[in-house]
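Visitor: Following this message is one structure expressed as structure tokens.
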Amino acid sequence: MDMKYEHACMGIYAKAGLVAEEVFSSIRNIHAFWAFKSMSERFDTILQQAHKTGLKKSPVLSVLYSFEFFCIYAGYALAFWQGIRRYATGEIAEPGSVVTVIFAVIVAAQALTQVAPQLVHISKAAAAAHELFQVIDRESKVDPLSDQGIKPSYCHGTIELRDVRFAYPSRPDVPVLKGVNLSIPANKTTALVGASGSGKSTIIGLMERWYDPFSGSITIDDQNIDGLNVQWLRTNVRLVQQ
1 MDMKYEHACM GIYAKAGLVA EEVFSSIRNI HAFWAFKSMS ERFDTILQQA
51 HKTGLKKSPV LSVLYSFEFF CIYAGYALAF WQGIRRYATG EIAEPGSVVT
101 VIFAVIVAAQ ALTQVAPQLV HISKAAAAAH ELFQVIDRES KVDPLSDQGI
151 KPSYCHGTIE LRDVRFAYPS RPDVPVLKGV NLSIPANKTT ALVGASGSGK
201 STIIGLMERW YDPFSGSITI DDQNIDGLNV QWLRTNVRLV QQ
């Protein structure tokens, strides 16, 4: 249960981190539009969600600590009760044996009190590991090492985008391309011009199949790139970063 709430908190903090990254990476725009208040409120709203989730986690920790100390003092009571009862009935000849057992219980209880605080860190580590292993175990829909797909013997180089729609998996509610139609003739120089975030780099990424579009098609020489071998495609479509 604690790991469940810790996992939820980490997801909320990740969203808050994205907002902070967006602000710092576009600080000039924030200054230009005087958007400090609106972005601060947006950031605070997300952190309030984490605060509410943290409040739900508090009762779980309270029950954990309460159970721990109950076990400790119940162990004390049991040791005293059984020690005195057995000494009174003659099952134990020397009272020193009772004291020895009681001290052993006290030492064990002290060790137990040091375990509980570490359980909080263990739950945080487990939640972080869960996120990490999700990334490690996730299989890409586009396998760059696969031998499947068509490998044309000749590439003329005519590229067409037909009604392409796309949004990045990290922000599926923010569409980047909305029904884009584009024709890039072979042996010609074509420039994509637009403001930052308008989808220029996204189009290049889709051509190289770093992602697949949600809908629409991208063709090279009238052949849909979904059917082409990925290694062949990336060998013939080159990208030089600016």
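Residue numbers (the UniProt record's numbering): 1 to 242.
Using N, Cα and C, we set each Cβ at its ideal position, and we do this for glycine too.
All of these numbers come straight from a predicted model, not from anything done at the bench.
(1) Using the rule of at least 16 other Cβ atoms within 10 Å of the residue's Cβ for burial, across every protein chain shown, is Lys57 buried or exposed?
(2) According to DSSP, is Ser146 helix, strand or coil?
(3) If you draw a straight line from the C-alpha of Ser40 to the C-alpha of Val105, how long is it?
(4) Locate the alpha helix (DSSP H) running through Val230, then write down its first and last residues.
(5) Check whether the region 221-240 and the region 168-180 are in contact - that is, three or more C-beta pairs closer than 8 Å.
(6) Given this structure, state the Cα-to-Cα distance separating Leu182 from Glu160, to the nearest angstrom.
(7) According to DSSP, is Phe214 helix, strand or coil?
(8) Mapping the DSSP letters down to three states, classify Asn181 as helix, strand or coil.
(9) How far does the beta strand (DSSP E) with Asp163 in it reach, from first residue to last?
(10) Where does the unbroken alpha helix (DSSP H) through Ser58 begin, and where does it stop?
(11) Please classify Val180: is it buried, with 16 or more other beta-carbons within 10 angstroms of its beta-carbon, or exposed?
(12) Name the two residues that bound the continuous alpha helix (DSSP H) containing Ile30.
(13) Hey, would you say Thr235 sits closer than 9 Å to Arg162, going by beta carbons?
(14) Measuring CB to CB, does Ala20 end up less than 9 Å from Phe43?
(15) Could you check the C-alpha separation between Gln48 and Val164 for me, to the nearest Å?
(16) Does the Cβ of Gly177 have 16 or more other Cβ atoms within 10 Å, making it buried, or fewer, making it exposed?
(17) Counting C-beta neighbours from all protein chains within 10 Å, is the total for Phe166 16 or more, i.e. buried, or is it exposed?
(18) Please state if the CB of Ala35 and the CB of Gly75 are separated by a distance shorter than 9 Å.
(19) Report the three-state DSSP secondary structure of Thr202 (helix, strand or coil).
(20) Run through DSSP, which three-state label would Ile220 get?
(21) Any C-beta of chain C sitting closer than 9 Å to the C-beta of Ser217?
(22) Do you know how far the Cα of Met10 is from the Cα of Ala127?
(23) Should Pro95 be labelled buried (16 or more other beta-carbon atoms within 10 Å of its own) or exposed?
(24) Which one of Arg209, Pro185, Ile150 and Gly197 has the shortest CA to CA distance from Leu228?
Guide: Taking the coordinates as given:
(1) The residue you call residue 57 lines up with position 57 of the sequence shown. With 16 or more Cβ atoms within 10 Å of its Cβ, Lys57 is classed as buried.
(2) Locating residue 146 in the sequence shown gives position 146, where the first residue counts as 1. Coil at Ser146, not helix or strand.
(3) On the sequence shown, position 40 is the one that residue 40 refers to. On the sequence shown, position 105 is the one that residue 105 refers to. Cα to Cα, Ser40 sits roughly 53 Å from Val105.
(4) Against the sequence shown, residue 230 aligns to sequence position 230. For Val230, the enclosing alpha helix (DSSP H) covers residues Val230 to Asn236.
(5) These segments do not touch.
(6) By one-based count along the sequence shown, residue 182 stands at place 182. By one-based count along the sequence shown, residue 160 stands at place 160. Those two C-alpha atoms are separated by around 6 Å.
(7) The residue given as residue 214 occupies position 214 in the sequence shown. Coil at Phe214, not helix or strand.
(8) In the sequence shown, residue 181 corresponds to position 181, counting from 1. DSSP places Asn181 in the strand class (E or B) of the three-state scheme.
(9) Stepping through the sequence shown from its first residue, residue 163 is reached at position 163. Going by DSSP, Asp163 is part of the beta strand (DSSP E) stretching over Ile159 to Phe166.
(10) One-based indexing of the sequence shown puts residue 58 at position 58. For Ser58, the enclosing alpha helix (DSSP H) begins and ends at Phe36 to Ala88.
(11) Position 180 of the sequence shown holds residue 180. Classification of Val180: buried, given that the 10 Å Cβ count is 16 or more.
(12) Reading the sequence shown from its first residue, position 30 is the one you call residue 30. Where Ile30 is concerned, the enclosing alpha helix (DSSP H) stretches over Ile27 to Ala32.
(13) Against the sequence shown, residue 235 aligns to sequence position 235. Against the sequence shown, residue 162 aligns to sequence position 162. In terms of Cβ geometry, Thr235 and Arg162 do not form a close pair [threshold 9 Å].
(14) The residue labelled residue 20 in the question sits at position 20 within the sequence shown. The residue labelled residue 43 in the question sits at position 43 within the sequence shown. In this structure, Ala20 lies near Phe43, with their beta-carbon atoms less than 9 Å apart.
(15) Position 48 of the sequence shown holds residue 48. Position 164 of the sequence shown holds residue 164. So the two alpha carbons sit approximately 37 Å from each other.
(16) Locating residue 177 in the sequence shown gives position 177, where the first residue counts as 1. At residue 177 the sequence reads Leu, which differs from the Gly that was named. Leu177 should be labelled buried.
(17) As a working mapping, residue 166 is identified with position 166 in the sequence shown. Buried: at least 16 other Cβ atoms inside 10 Å.
(18) Residue 75 sits at position 75 when you count from the first residue of the sequence shown. Residue 35 sits at position 35 when you count from the first residue of the sequence shown. No.
(19) For this step, residue 202 is matched to residue 202 along the sequence shown. In the three-state scheme derived from DSSP, where H, G and I count as helix and E and B as strand, Thr202 is classed as helix.
(20) Position 220 of the sequence shown, counted from the start, is the residue given in the question as residue 220. In this structure, Ile220 counts as strand in the three-state DSSP scheme.
(21) Here chain C cannot be found, since the structure has a single protein chain.
(22) Stepping through the sequence shown from its first residue, residue 127 is reached at position 127. Stepping through the sequence shown from its first residue, residue 10 is reached at position 10. Their Cα atoms are separated by approximately 8 Å.
(23) For the purposes of this step, residue 95 is identified with residue 95 of the sequence shown, where counting begins at 1. Exposed, by the Cβ-count rule.
(24) The residue given as residue 228 occupies position 228 in the sequence shown. Nearest of Arg209, Pro185, Ile150 and Gly197 to Leu228, Cα basis: Ile150.
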